[in-house]
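Counting from 19, one number per residue, gives the positions in the sequence shown under the working numbering.
Working notes, structure below.
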Amino acid sequence: DDRRDAVAVCGLLGIPFHFRDFSSEYWQGVFAHFLAEYAAGRTPNPDVLCNREVKFKHFLDAARELGAERIATGHYARVAQLGGRWALLRGADRSKDQSYFLHQLGQAQLAATLFPIGELQKNDLRRIARDAGLPTHAKKDSTGICFIGERDFREFLGRYLPARTGEIRDPDGTLIAEHPGVFYFTLGQREGLNIGGVRGRPAAPWYVVGKDVASNILYVDQDRDSPWLLSSQLHSEAAH
């Protein structure tokens, strides 16, 4: 659908449409990492990697091969020179801001990028597109992970990471229920735990507060401010 829309818009604007297949680069630079992170019990953000490894790397290189000096994307963000360096700024429409997903772009990438809708509000953008006769002016906003689409996330992930049922326990070690796979859940998650009434416990929501990947145990608590969700230190890598 996206490709068909792009072809239609290019035809309307009278500009050539070029197609490049980056599926191999996406698999190696984004998807393999996505699976490895879930297998390790972490919750990755593939959009950040996709921007750094595909859109603003391989796509940018392909555009330069065609003679382009810069690329323009539809991200709600802005770029400007501040103090002699390129800076990534939030989009004017704060409710649609996408600067977080671009935070790993470097100076060379920012210097070669235009964000033409960064100064616009989403409603104004739709009006401009409608007045220009673009067939995508009323297209539904995209949400979720791009390569999963409308499919069930657990079913999709289960194709690549075999599910292994395990125990759900509270911080004291009391058995609460069972889970279909510890990597399906993320810290702080409330929905989708499928924990019914537990004898001796109040009728209050349960939250994921910990994951032991090695033992395949999911830890939950009914305290959304559980000490298990607090930390006195953090580990970071690949600083940008």
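Glycine is no exception: its CB is placed at the ideal position from the N, C-alpha and C atoms.
Assigned secondary structure, residue i (DSSP; H/G/I helix, E/B strand, else coil)
i	result
K229	strand
A172	According to the sequence provided, residue 172 is Arg. The question's Ala does not apply to it. R172: helix per DSSP, three-state reduction.
G224	The displayed chain sequence assigns Trp, not Gly, to residue 224. Looking at W224 - three-state DSSP - the assignment turns out to be coil, as it is neither helix nor strand.
R112	helix
A24	helix
Q240	coil
E71	helix
G32	coil
Y202	helix
Q125	helix
Y118	helix
G47	helix
Extent of the continuous beta strand (DSSP E) run through residue i
i	result
Q7	Nothing about residue 7 can be read from this structure; the chain reaches only from 19 to 258.
R60	Taken as a continuous stretch (DSSP letters only), R60 belongs to no beta strand (DSSP E), as it is neither H nor E.
Residue i beta carbon near the ligand HEM (any heavy atom closer than 6 Å)
i	result
G215	Ligands in the displayed structure: none, and consequently the ligand HEM is not present.
Alpha helix (DSSP H) segment containing residue i, residue limits
i	result
L78	F77 to E83
L248	Segment: none, L248 is in no alpha helix (DSSP H) and carries neither H nor E.
E209	Unbroken run through E209: none, as it is neither H nor E.
Y44	S41 to Y44
I146	K140 to D149
Beta-bridge pairing of residue i - partner residues as DSSP gives them
i	result
E185	E196 and I235
L132	A90
A54	Answer is none; A54 lacks a bridge partner.
A105	A98
Any chain D beta carbon closer than 7 Å to residue i
i	result
R219	Annotation note: the requested chain D is absent from the structure, which comprises a single protein chain.
- Item | Inter-stretch contact at 8 Å, needing at least 3 Cβ pairs: the segment 208-223 / the segment 232-241 | Yes, they touch.
- Segment contact flag, the segment 97-109 with the segment 45-59, C-beta cutoff 8 Å, min 3 pairs: The answer is no - the segment 45-59 does not touch the segment 97-109, with fewer than three Cβ pairs under 8 Å.
- Message: Between the segment 170-180 and the segment 193-204, can you find at least three pairs of beta-carbon atoms closer than 8 Å?
- Response: Yes, the segment 193-204 is in contact with the segment 170-180.
- Between the segment 70-90 and the segment 122-135, are three or more C-beta pairs nearer than 8 Å? Yes: at least three Cβ pairs fall under 8 Å.
- Task: Check whether the segment 187-196 touches the segment 63-71, taking contact to mean three or more Cβ pairs, one atom from each stretch, closer than 8 Å.
- Result: Not touching, per the Cβ criterion.
- Message: Closer than 8 Å is the cut-off here; do at least three beta carbon pairs connect the segment 135-152 with the segment 74-81?
- Response: No contact exists between the segment 135-152 and the segment 74-81.
- Counting Cβ pairs closer than 8 Å, one from the segment 242-249 and one from the segment 213-233, do we hit at least three? Touching, yes.
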